[in-house]
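One structure below.
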DNA sequence: GTCTATACTCGGATAGAC
DNA sequence: GTCTATCCGAGTATAGAC
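Residue numbers (the working numbering), protein chains in the order written: chain A, 264 to 482; chain B, 264 to 482.
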């Protein structure tokens with residue numbers, strides 16, 4: 264499996280034995296190291312160690328650090344920018360849709376706690392490169408959500424809400440706690456278990472709050 | 264001015280002439296480079312260039328990269344974790360206090376747009392070091408806010424609100440847009456001017472939303 | 001205090017054996 | 001496909017002149 268073809272989606276291929284292939288182990292290790300240290304802080308040696316191979320093999324599979332990073336980052340982006348078509352197109356009420364979205368999104372971040380800071384940091388560091396290499400128009404989650412909310416608002420004559428603010432409020436409240444986790448825990452004294460429970464509570468609180476903001480009286 | 268004494272607060276000292284001293288220029292340049300590139304991405308050469316001096320002088324003033332970083336980061340933290348005693352102790356209503364807080368905090372970030380991502384990233388990368396070297400108990404903004412909200416809630420018999428969620432919601436909505444700025448602009452097509460106006464709107468929207476969440480019906 | 005020149009270290013990348 | 005050994009550029013840090 265040489266690096267000649269760039270894969271668009273990472274799959275952890277398994278060899279005939281029970282141990283993941285070297286390539287799969289590299290990807291797993293690279294994901295972990297890049298996510299925790301960032302592009303500039305990550306060391307090829309760390310990735311090699313964690314994958315249980317040596318540096319030379321990294322270059323055999325992925326040419327250089329940048330290419331390896333790109334594979335990881337592209338995969339990370341595709342997870343971070345969710346596909347909400349499924350939720351949007353369902354026949355649920357808006358309330359139910361928001362609830363499903365928050366719940367699914369928070370669950371995803373519980374499984375990938377470093378993802379938000381990783382994607383946002385790297386997107387900030389080189390915005391031009393990000394736009395060119397990683398930005399997919401299809402990932403414009405916001406557009407669909409905005410339409411959905413606008414039509415919903417029109418139906419109910421609650422036109423005083425700005426979909427942009429509403430959507431940004433929602434994702435802010437979902438994502439930010441994961442970015443601020445260490446500081447928040449220092450500040451409140453929460454341990455990991457308490458933090459986890461606290462986050463779980465937010466799956467209900469956030470959509471409720473958003474729905475409340477739709478009422479004329481609130482905004 | 265040798266590096267023997269560590270300053271707790273950065274002041275841009277001006278020499279007798281009209282050009283800032285070398286030390287002041289270094290601090291200014293270092294702040295900019297560290298904030299945009301992060302600790303691991305920053306290059307001493309870049310800082311020297313931007314300050315209009317050479318690398319050797321950096322080491323003359325600040326011994327090494329880590330010490331220079333520490334000075335910048337300590338200063339950044341003290342700005343990022345706001346002193347809210349002034350707002351808390353005023354005789355304003357809770358509503359007014361929240362409004363003042365959001366407004367002041369958003370204004371601060373408008374002036375230091377890279378601050379949030381910088382502080383949060385570095386705090387995440389080395390949480391133990393962060394706690395030891397930079398965390399100040401006095402910065403536990405949250406505690407005071409929580410007490411304030413609790414007493415307010417008791418007065419109005421609106422005990423169904425959790426101050427932790429309320430506070431986290433508020434700062435999430437204030438801070439997150441600055442972290443997500445490039446992605447948000449790509450996603451919505453906003454230019455810098457529009458983004459600025461959009462942010463200004465939030466100074467009112469966020470406290471309104473928070474106040475609304477205090478009502479029993481909303482949460 | 002400020003510079004030039006240089007030493008040293010780290011880390012990404014390659015050559016080549018097996 | 002995987003390894004050892006090595007190269008080489010980049011980047012931090014220091015020596016020493018002025």
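Every residue gets a Cβ at the ideal spot worked out from N, C-alpha and C, and that includes glycine. Keep in mind the model is a prediction, meaning the values are calculated, not measured.
Partner residues on chain B for residue i, Cβ-Cβ distance less than 8 Å
| i | result |
| --- | --- |
| residue 388 of chain A | 299, 300, 301 and 304 |
Residue i CB to nearest heavy atom of the ligand ADP below 6 Å
| i | result |
| --- | --- |
| residue 377 of chain A | Absence of the ligand ADP from the depicted structure is noted, as is the absence of any ligand whatsoever, leaving it without description. |
Proximal chain B residues relative to residue i, where beta-carbon distance stays under 9 Å
| i | result |
| --- | --- |
| residue 405 of chain A | 447, 450 and 451 |
| residue 394 of chain A | 445 and 449 |
Residue i and residue j closer than 7 Å at C-beta
| i | j | result |
| --- | --- | --- |
| residue 384 of chain A | residue 384 of chain B | yes |
| residue 473 of chain B | residue 361 of chain B | yes |
| residue 286 of chain A | residue 323 of chain A | no |
| residue 350 of chain B | residue 332 of chain B | no |
| residue 288 of chain B | residue 314 of chain B | yes |
| residue 445 of chain B | residue 281 of chain A | no |
| residue 458 of chain A | residue 448 of chain A | yes |
| residue 303 of chain B | residue 303 of chain A | yes |
| residue 450 of chain B | residue 403 of chain A | yes |
| residue 357 of chain A | residue 417 of chain A | no |
| residue 377 of chain A | residue 405 of chain A | no |
Chain-ordered chain A contacts of residue i [CB-CB under 7 Å]
| i | result |
| --- | --- |
| residue 314 of chain B | Correct list: empty, because the minimum Cβ distance to chain A is about 21 Å. |
| residue 384 of chain B | 380 and 384 |
Examine the Cβ distances between the region 381-397 of chain B and the region 329-337 of chain B and report whether three or more of them are shorter than 8 Å. yes
Three-pair Cβ contact test at 8 Å for the region 306-325 of chain B versus the region 339-348 of chain B: no
Do the region 367-382 of chain B and the region 423-432 of chain B make contact, defined as three or more Cβ pairs closer than 8 Å? no
Tell me which residues of the region 423-455 of chain A have at least one Cβ-Cβ distance to chain B shorter than 9 Å, keeping chain order. 425, 427, 428, 431, 432, 434, 435, 436, 437, 438, 439, 440, 442, 443, 444, 445, 446, 447, 448, 449, 450, 451 and 453
Counting Cβ pairs, one atom from each stretch, are 3 or more of them under 8 Å apart for the region 318-330 of chain B and the region 402-415 of chain B? no
Touch test, the region 439-452 of chain B against the region 433-442 of chain A, Cβ-Cβ under 8 Å, three pairs minimum: yes
What residues in the region 458-471 of chain B have a beta carbon less than 9 Å from any beta carbon of chain A? 461, 464, 465, 468, 469 and 471
Note down, in chain order, all residues in the region 335-352 of chain B with a beta-carbon under 8 Å from any beta-carbon belonging to chain A. Of all residues in the region 335-352 of chain B, none has a Cβ within less than 8 Å of some Cβ in chain A.
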